[in-house]
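First the structure, in the form of structure tokens, and then the observations on it.
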Amino acid sequence: MLPEINDRISELIGNAFREAAAQNLLPPVSLPSVELKIPREKGHGDLASNIAMKVASRVKRSPVETAKIIASLIEKRISRKTIISRVEADPRKGFLNFTVTPGAFHDALRHLLRVPGHWGESRAGEGEKVLLEFVSANPTGPLTVAHGRQAAVGDVLANLLAKAGYRVSREYYLNDRGRQMKILGESVYLRWRELRGEEVDLPADYYQGDYIIGLARRILEGGLKPAGRELSELPPEEAIDYCGTFASGALLEMIKKELRDFGVEMETWVSESELVAEGRVTAVLRDLAARGSTYEKDGALWFRSSAYGDEKDRVLRKKNGDLTYISSDIAYHREKYGRGYSEMIDFWGPDHHGYIARLKGAMKALGLNPARLDIIIVQLSTLYEGKKKLSMSTRMGEFISLRQVLDKVGKDAARYFFVRRRKESHLDFDLELARKKTNDNPVYYVQYAHARINSIFKKFRAVTGRPLPDFTKIDLACLSEPAELELIKKLVLFPGVVKTAALTHQNHLIPAYLEELAAIFHSYYNHCRVITDDPDLTAARLALARATQLVISEGLSILGVSAPDSM
RNA sequence: GCGCCUGUAGCUCAGUCGGAUAGAGCAUCUGCCUUCUAAGCAGAGGGUCGCAGGUUCGAAUCCUGCCAGGCGUACCA
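Numbering (numbering that gives the first Met the number 0), first residue to last: 0 to 566.
As structure tokens, this is what we get:
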């Protein structure tokens with residue numbers, strides 16, 4: 000609806016400039032695209048344009064003078080049919096300030112009520128396929144808080160892009176082979192021996208967490224026997240392999256459950272070991288070699304990444320014959336390109352940012368367009384309990400897991416807090432605040448508005464003994480209080496916020512918008528009673544409350560947060 | 001050294017393509033429940049937008065240099 004209002008005003012401005020040229024008031028100029036902003040100050044109307052300032056030098060008049068000429072021409076065109084009721088030239092800077100008619104806002108509100116659940120959708124994505132890959136943690140331990148934020152940020156952006164008309168899928172890339180998996184197997188194996196009464200020495204770079212002991216105990220007490228043989232009868236190499244396979248399988252199941260409990264559903268899981276088994280890694284190394292992008296040095300195979308923007312060349316295959324992580328990652332990303340996505344988005348932690356150049360370089364070396372691959376670095380979070388900072392040492396297994404955060408604050412608060420700040424910003428996450436049931440807590444503040452509206456509906460049914468009216472058939476013209484028009488204006492903005500957030504990957508715009516909307520509603524609630532003696536006014540206000548509820552629940556559903564009917 | 005991110009009110013942070021007197025929440029102070037949920041509302045105080053230049057009619061925003069913090073700079077992942 001707002002785009003329509005924008006278009007109509009742009010048209011008025013364009014016509015006024017042509018008219019000014021025809022009457023020799025201003026020289027003819029080609030106009031830049033008209034930008035309309037919502038002024039902060041209430042006295043500046045509903046929408047403002049800076050066009051007079053933009054063209055001032057070209058028309059050889061001051062911005063204020065230009066604005067005055069244009070405003071007076073537009074003013075003459077104002078009638079009952081136009082979307083604006085007033086235009087004013089700001090005498091200090093040269094803004095053109097427009098006041099939109101209440102009728103235009105009522106039309107927008109009526110439209111919203113006719114498309115419940117679809118307000119906020121757009122076709123900006125034109126059905127293009129987008130793949131979002133996130134979390135992708137090694138199955139070597141529980142998900143951490145860092146994974147939690149990536150999961151929330153990735154999942155919410157996926158929801159946003161879907162709203163904006165993209166065909167979205169979510170994917171988890173499973174690093175289920177290589178050095179870390181071997182260490183996992185050895186860690187569990189050592190703990191298993193320890194449980195059997197042996198003295199063992201767990202090297203510092205092995206996995207230290209208690210969950211490793213838990214896995215070892217499951218092997219021991221469950222009497223798990225690989226191929227019918229006792230683990231103790233196997234040669235250590237085989238026993239370690241078995242422990243690794245068992246542990247990564249169990250941990251993967253745990254990760255899947257954690258993600259489900261966090262509200263994240265991956266469409267696809269891609270396994271690194273399968274990519275290797277299918278020969279995709281050797282194939283990609285061969286193709287890089289064929290393109291002259293590799294060379295042998297010191298017994299290792301190198302990728303000429305410095306020729307593609309990286310600061311130095313990188314090893315693909317180590318001296319001992321093992322593949323490095325980048326080799327399978329190159330193969331994995333080429334495989335993704337082959338699936339026909341117009342855009343692929345990876346979410347990584349900040350410790351991986353040095354990796355971007357070499358991966359994009361590899362895509363370029365393979366003749367693929369690196370611009371289709373967008374790597375988003377999600378900054379870390381520091382957890383607090385009030386003022387107390389919580390320890391975060393992963394090495395000692397002392398980290399707070401995503402599971403613990405979920406247990407402490409619940410899915411709604413966790414997801415909301417993770418996306419509330421720009422993903423580029425380091426996040427201070429106060430668990431105590433997230434748990435509070437007061438207005439300091441933004442999640443509750445927004446959810447409360449939704450529940451409160453529901454309670455108005457309940458009251459209406461109880462008092463009148465009638466069901467809610469059909470909101471699509473209500474005369475909204477009596478909504479004329481400033482507080483009502485302000486609320487409608489905010490509702491009308493929602494689709495634009497969703498679109499901007501999706502296209503610029505700025506999830507945090509949604510919580511910010513919802514908090515502003517909730518504030519306007521709470522203020523309105525204190526200012527005007529919905530249920531009054533006037534049945535027409537009551538119906539119109541119920542409709543406005545319903546529209547607010549629809550937008551809040553749609554906004555929260557983008558965040559994957561529930562919209563409770565009562566609190 | 002080089003690369004990426006960050007620096008805005010006491011604290012946590014918004015600020016879209018450069019636009020009007022830089023905004024919000026928390027914290028502090030003052031009010032509002034016989035009426036739809038006080039998990040709410042109304043109001044007050046609080047600023048050298050890290051520093052210095054530059055571009056511009058106009059800079060928190062763009063450019064350059066510097067300062068501070070975080071992360072990275074592996075034949076680990």
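Beta carbons are placed, not taken as given, at the ideal position from N, Cα and C, and that holds for glycine.
What residue does the alpha helix (DSSP H) around residue 503 start on, and which one ends it?
No alpha helix (DSSP H) contains residue 503, which DSSP labels as neither H nor E.
How many Å lie between residue 557 and residue 221 at the Cα?
43 angstroms
Can you have a look at residue 294 and say buried or exposed, based on whether 16 or more other CB atoms are within 10 angstroms of its CB?
Exposed: under 16 other Cβ atoms inside 10 Å.
Cβ of residue 172 within 9 angstroms of Cβ of residue 185?
no
Could you give the DSSP three-state label for residue 54: helix, strand or coil?
helix
In terms of alpha-carbon separation, which member of 444, 290, 130, 532 lies closest to residue 373?
Answer by Cα proximity: 130.
Name the DSSP beta bridge partners of residue 86, please?
97
Kindly list the residues whose CB is nearer than 6 angstroms to the CB of residue 496, restricted to its own chain and excluding five residues on each side of it in sequence; keep chain order.
For residue 496, the CB contacts under 6 angstroms within the same chain, skipping 5 residues up- and downstream, are 508, 512 in chain order.
With DSSP run on the structure shown, which of helix, strand or coil describes residue 190?
helix
As a quick exercise: from 63, 229, 40, 35, pick the residue whose alpha carbon is nearest that of residue 46.
35
Just to confirm the assignment, what range does the beta strand (DSSP E) spanning residue 567 have?
For the chain, the structure presents residues 0 to 566; residue 567 sits outside this window and is missing.
Is residue 360 closer than 9 angstroms to residue 307 when the C-beta atoms are compared?
Taking C-beta atoms as the reference points, residue 307 and residue 360 count as a pair closer than 9 angstroms.
Which residues in the same chain have their Cβ closer than 8 angstroms to the Cβ of residue 565, if we skip the five residues on either side of it in sequence?
450, 453, 454
Given this structure, state the Cα-to-Cα distance separating residue 394 from residue 240, to the nearest angstrom.
Because residue 394 sits at a pLDDT of 46, beneath the cut-off of 50, its placement in the model cannot be relied upon, and the point is left open.
Residues sharing a beta bridge with residue 304, DSSP:
None; residue 304 has no bridge partner.
Exposure of residue 207, with buried meaning 16 or more beta-carbon neighbours within 10 Å
buried
Simplified DSSP state of residue 340, which is helix, strand or coil:
coil
Taking a contact to mean a Cβ-Cβ separation below 9 angstroms, would you say residue 120 touches residue 162 in this structure?
yes
Looking only at C-alpha atoms, which of 179, 433, 154, 49 sits nearest to residue 168?
154
Bridge partners of residue 383, per DSSP?
BP columns for residue 383 point to 388, 429.
Residue 141 versus residue 400: straight-line alpha-carbon distance, rounded
6 angstroms
In terms of residues, what are the limits of the alpha helix (DSSP H) holding residue 447?
441-463
Let me confirm a value: residue 149 is counted as buried when at least 16 other C-beta atoms fall within 10 Å, else exposed. Which label applies?
buried
Are the CB atoms of residue 364 and residue 303 within a distance shorter than 9 angstroms?
yes
If the criterion is Cβ atoms closer than 9 angstroms, does the pair residue 261 and residue 422 meet it?
no
What does a CB cutoff of less than 8 angstroms around residue 517 pick up in its chain, not counting 5 residues either side in sequence?
444, 445, 447, 448, 551
So, helix, strand or coil for residue 531, using DSSP?
coil
How big is the Cα-Cα spacing for residue 396 and residue 193?
With a pLDDT of only 48 at residue 396, under the threshold of 50, the placement of this residue in the model should not be trusted; the figure read from the coordinates follows. Spanning the two alpha carbons is a distance of roughly 18 angstroms.
Unbroken beta strand (DSSP E) run spanning residue 296, endpoints:
Here the beta strand (DSSP E) through residue 296 covers 293-296.
May I ask you to report which of helix, strand or coil DSSP gives residue 37?
coil
For residue 544 versus residue 473, is the C-beta distance shorter than 9 angstroms?
no
Sorted by chain position, which residues of the same chain lie with C-beta nearer than 8 angstroms to residue 439's C-beta, five sequence neighbours on each side aside?
432
With distances taken from CA atoms, which of 51, 288, 42 is nearest residue 13?
51
When DSSP labels each residue in this structure, what does residue 19 get in the three-state scheme?
helix
Strand pairing of residue 166, partner residues [DSSP]
According to DSSP, residue 166 bridges with 128.
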